[in-house]
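Numbering (my numbering), first residue to last: 596 to 921.
Notes follow once the structure below has been shown.
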Ligand SMILES: [Fe+2]
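As structure tokens, this is what we get:
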């Protein structure tokens with residue numbers, strides 16, 4: 596369930612008409628009306644942004660890592676204080692945005708677009724910081740952001756609670772403390788679909804040989820035996836790792852468990868899931884855009900039905916190897 600007014604810019608023309616989803620954890624939504632679909636703490640949050648063509652998400656900075664996986668449409672990501680650097684991403688591409696840097700994104704395709712997001716830490720650092728112009732431009736459109744990071748929506752009769760004050764725009768001195776990235780510096784934070792190098796790690800225990808390929812996409816740079824290809828966004832640790840699993844034909848991973856939480860997001864294809872945890876079992880078929888969270892310690896298997904690609908988001912700052920089960 597999306598929120599249509601999750602951020603200060605959600606009623607400003609050009610950045611309105613968008614949906615913000617908090618799928619796992621609240622993320623950085625500023626609205627008390629935001630539905631959090633799964634509140635169980637994972638150590639990271641997963642959400643999604645849905646936007647019609649030509650609609651922007653305004654420039655803001657994060658305190659923890661922010662990753663986008665493009666699900667549908669073409670998206671222009673722009674960054675720096677002057678908003679002048681940019682790159683365009685397509686379905687299957689991924690971008691890991693550094694902390695302490697202004698970024699925004701726009702649907703530059705001609706269909707309603709969707710990106711999944713991963714935010715580091717359970718509270719995603721407590722919110723975002725908006726570029727000064729975003730707060731200025733929101734004036735007169737009905738939304739007021741308070742100093743505590745929560746929105747007041749005057750279009751539905753809400754008023755500023757007593758003792759609360761609107762968020763002041765950042766000063767020039769404060770703006771000067773944000774990092775600026777060249778296109779070359781940003782390129783290592785971007786992964787393009789179809790260009791990943793398969794992992795040196797040879798897949799899961801007991802898997803069907805040769806039909807599954809694994810990709811180490813985002814993780815620590817110093818991790819032995821892995822080849823993570825997209826630089827993490829948080830110098831202090833993202834608290835998650837991202838892998839890709841690609842199938843060329845029907846197969847399966849075999850049964851395994853992990854000590855860390857693992858979330859699977861299906862990008863394309865059909866996957867049969869088995870999960871056994873605390874005496875309960877679940878079987879389900881997941882398709883494009885579906886998500887499952889495997890609890891810590893649960894025994895699971897993933898069986899793609901033909902061609903497909905899915906992301907696996909594993910909690911923790913260092914990868915947790917799967918444990919084989921018979
Ligand atoms: Fe963001």
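Using N, Cα and C, we set each Cβ at its ideal position, and we do this for glycine too.
Model, not experiment: these values are computed from the prediction.
DSSP places residue 910 within a strand segment (E or B) once states are collapsed to three. Between the C-alpha atoms of residue 640 and residue 731 there is a straight-line separation of about 29 Å. When the alpha-carbon of residue 649 is set against those of 663, 643, 669, the nearest one is in 669.
Exposed is the label assigned to residue 782, since fewer than 16 other Cβ atoms lie within 10 Å of its Cβ. Excluding its 5 nearest sequence neighbours in each direction, residue 853 has C-beta neighbours in its own chain below 6 Å: 915, 917, listed in chain order.
Excluding sequence positions up to five before and after residue 675, its CB lies within less than 6 Å of the CB of 775, all in the same chain and listed in chain order. Per DSSP, residue 778 lies in no beta strand (DSSP E); the unbroken alpha helix (DSSP H) holding it starts and ends at 778 to 782.
Listed in chain order, the beta strand (DSSP E) elements of length 3 or more contained wholly in the stretch 836 to 877 are 857 to 863, 866 to 872. In the DSSP annotation of this structure, the continuous segment of the beta strand (DSSP E) that includes residue 646 starts and ends at 639 to 646. In this structure, the straight-line span from the alpha carbon of residue 859 to that of residue 791 is close to 18 Å. The beta carbons of residue 904 and residue 849 sit no closer together than 8 Å. Between residue 606 and residue 738, the gap from beta carbon to beta carbon is short of 8 Å.
Around residue 613, the same chain offers 646, 650 as residues with beta carbons nearer than 6 Å, after the five sequence neighbours per side are excluded. Shown here for residue 863: same chain residues with a beta carbon closer than 7 Å to its own, the five before and five after excluded, namely 883, 903, 904 in chain order. Of the heavy atoms belonging to ligand 1, none sits nearer than 7 Å to the Cβ of residue 841.
Remark: the shortest separation between the CB of residue 655 and any heavy atom of ligand 1 falls under 7 Å. Within the DSSP secondary-structure output, residue 702 pairs in a beta bridge with 670.
Fewer than three beta-carbon pairs drawn from the stretch 679 to 689 and the stretch 624 to 641 are found closer than 8 Å, and the two stretches are therefore not classed as touching. A straight line joining the alpha-carbon of residue 891 with that of residue 856 spans about 5 Å.
According to DSSP, residue 664 shares a beta bridge with 689, 711. Taking all protein chains in view, the Cβ of residue 831 is surrounded by fewer than 16 other Cβ atoms within 10 Å, so the residue is classified as exposed. For residue 650, there is no enclosing alpha helix (DSSP H), as DSSP gives it neither H nor E. The beta carbon of residue 659 lies closer than 7 Å to those of 694, 714, 715, 716, 719, 720, 829 in the same chain, with the five residues before and after it left out. Residue state for residue 728 is assigned as helix, using DSSP reduced to three classes. Annotation for residue 768: no beta strand (DSSP E) segment contains it, though the alpha helix (DSSP H) segment containing it runs 767 to 770.
Counting C-beta atoms within 10 angstroms of its own C-beta, residue 919 has fewer than 16 neighbours from the protein chains shown and is therefore classed as exposed.
Checking the DSSP bridge columns, you'll see residue 898 partnered with 867. For residue 748, the enclosing beta strand (DSSP E) starts and ends at 746 to 748. With a beta-carbon spacing of about 5 Å, residue 847 and residue 803 fall inside the 8 Å limit used to define contacts. Boundaries for residue 816: no beta strand (DSSP E) harbours it, and the DSSP string shows neither H nor E there. Taking a contact to require three or more Cβ pairs closer than 8 Å, the stretch 740 to 748 and the stretch 689 to 707 do not qualify as touching. The beta-carbon distance between residue 910 and residue 834, rounded to whole angstroms, is 7 Å. This is short enough to meet the 8 Å contact definition. Excluding sequence positions up to five before and after residue 755, its CB lies within less than 6 Å of the CB of 747, all in the same chain and listed in chain order.
Under the three-state reduction of DSSP output, residue 622 falls in the coil class, being neither helix nor strand.
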